[in-house]
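Q: Quick note: the sequence shown uses this note's numbering, first residue 297, plus one each step.
By construction, the Cβ of each residue, glycine as well, lies at the ideal position given by its N, Cα and C atoms.
Predicted model, so just to flag it, every value in this text is computed and none were measured.
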Amino acid sequence: MSKLKLNLTLFIITVIVIAILALFGPEEQSLGANVRIVYLHGAWVLTAELVLLMAGLAGFIGLITPRKTFNHWSAALGQTGIFFWVTYLPLSLWAMQSNWNGLFLAEPRFRLAVIFAVTGVLLQVGLWLINMDWVTSLANILFIFVLRLIFATADNVMHPPPSPIFNSGNYTIIGFFIAMIFLSLVTSYFVTRMFLLVQSKSI
Numbered sequence: 297m298s299k300l301k302l303n304l305t306l307f308i309i310t311v312i313v314i315a316i317l318a319l320f321g322p323e324e325q326s327l328g329a330n331v332r333i334v335y336l337h338g339a340w341v342l343t344a345e346l347v348l349l350m351a352g353l354a355g356f357i358g359l360i361t362p363r364k365t366f367n368h369w370s371a372a373l374g375q376t377g378i379f380f381w382v383t384y385l386p387l388s389l390w391a392m393q394s395n396w397n398g399l400f401l402a403e404p405r406f407r408l409a410v411i412f413a414v415t416g417v418l419l420q421v422g423l424w425l426i427n428m429d430w431v432t433s434l435a436n437i438l439f440i441f442v443l444r445l446i447f448a449t450a451d452n453v454m455h456p457p458p459s460p461i462f463n464s465g466n467y468t469i470i471g472f473f474i475a476m477i478f479l480s481l482v483t484s485y486f487v488t489r490m491f492l493l494v495q496s497k498s499i
């Protein structure tokens, strides 16, 4: 089995494990069993943000050191982060429908998420076509910086701050959510490895 197929297989297995685990997540007083999709949605988008942050950090190291390895990791992590960001949007719609019986597409943070998804995909395609290490690293730094800046000032409608889960005081829910984030990060590792393998073949 090739390394690409191995990572793809591990990715699929981990996603299946996450889906099964989500089915047995602890219920919440207000949302009941529907909170399970919120766990999944939350873990997925946090993974996207963490991976995009790692892409920016790798890019920064790549810009100040002569080692191209960090630039390559920045490129792969940037692509992985956008993959998770785009795939979190259907989970967000599912969470809306399940918990609020409708789709609030004008919700500020969802609207911004769509904008960054489209921008992110176009950016990553452009960076892949340009194929210049320093440009990719710099772009990944700027992308996560702008994303966090915009979301830090965005209105909260369906996303009340601070984190309802981490501030719930329910350690069963908190522990379960952390486990979901960990597994999602493991999944992101396999996706990143696939992008790195594809990248190495194109060099």
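Considering only the alpha carbon of each residue, which of G338, N427, I314, P322 lies closest to L387?
A: Counted from its first residue, the sequence shown places residue 387 at position 91. The shortest C-alpha separation from L387 is found at G338.
Q: For L346 and A450, what's the separation of their Cα atoms in angstroms?
A: One-based indexing of the sequence shown puts residue 346 at position 50. One-based indexing of the sequence shown puts residue 450 at position 154. Cα to Cα, L346 sits roughly 19 Å from A450.
Q: So, are the CB atoms of G374 and Q420 less than 9 Å apart?
A: To locate residue 374, count along the sequence shown from 1; it is residue 78. To locate residue 420, count along the sequence shown from 1; it is residue 124. Yes, Cβ-Cβ distance for G374 and Q420 is below 9 Å.
Q: So G352 and I437 are in contact, right, with Cβ under 8 Å, and what is the actual spacing, rounded?
A: Translated into positions along the sequence shown, residue 352 becomes position 56. Translated into positions along the sequence shown, residue 437 becomes position 141. Confirmed, about 4 Å.
Q: With distances taken Cα to Cα, identify the nearest neighbour of L342 among L492, T365, Y467, L443.
A: Taking the first residue of the sequence shown as 1, we reach residue 342 at position 46. Taking each of L492, T365, Y467, L443 in turn and checking the Cα distance to L342, the smallest one comes out for L443.
Q: For the candidate residues F406, Y485, I360, L479, whose alpha-carbon lies nearest to that of A315?
A: Counting from one through the sequence shown, the residue named residue 315 turns up at place 19. Residue L479 is the option with its Cα nearest to A315.
Q: When the Cα atoms are used, what is the spatial distance from F406 to L385?
A: Along the sequence shown, one-based indexing puts residue 406 at 110. Along the sequence shown, one-based indexing puts residue 385 at 89. In this structure, the straight-line span from the alpha carbon of F406 to that of L385 is close to 8 Å.
Q: Identify, in the order they occur along the chain, each residue of the same chain with its Cβ nearer than 8 Å to the Cβ of T483, setting aside the five sequence neighbours on each side.
A: Against the sequence shown, residue 483 aligns to sequence position 187. Cβ within range, chain order: F307, T310, V311, I314, T343.
Q: Looking only at its own chain, which residues have a Cβ that is under 6 Å from the Cβ of K299, when we skip the five neighbours before and after it?
A: As a first step, residue 299 is located in the sequence shown; it is residue number 3 there, counting from the start. L493.
Q: Report yes if the CB atom of P322 is closer than 9 Å to the CB atom of F472, and no otherwise.
A: Translated into positions along the sequence shown, residue 322 becomes position 26. Translated into positions along the sequence shown, residue 472 becomes position 176. Cβ atoms of P322 and F472: closer than 9 Å.
Q: Use the C-beta contact count for S496: other C-beta atoms within 10 angstroms, 16 or more gives buried, fewer gives exposed.
A: The residue you call residue 496 lines up with position 200 of the sequence shown. By the 16-neighbour rule on beta-carbons within 10 angstroms, S496 is exposed.
Q: Contact check, A278 vs F491 under 8 Å by CB: the rounded distance?
A: Since the first residue of the chain shown is 297 and the last is 499, residue 278 is not available in this structure.
Q: Go ahead and pull the three-state DSSP assignment for I316.
A: As a first step, residue 316 is located in the sequence shown; it is residue number 20 there, counting from the start. I316 falls in the helix class under three-state DSSP.
Q: Quick check: what's the CA-CA separation for W340 versus N466?
A: Position 44 of the sequence shown, counted from the first residue, corresponds to residue 340. Position 170 of the sequence shown, counted from the first residue, corresponds to residue 466. Each residue's Cα considered, the two are about 21 Å apart.
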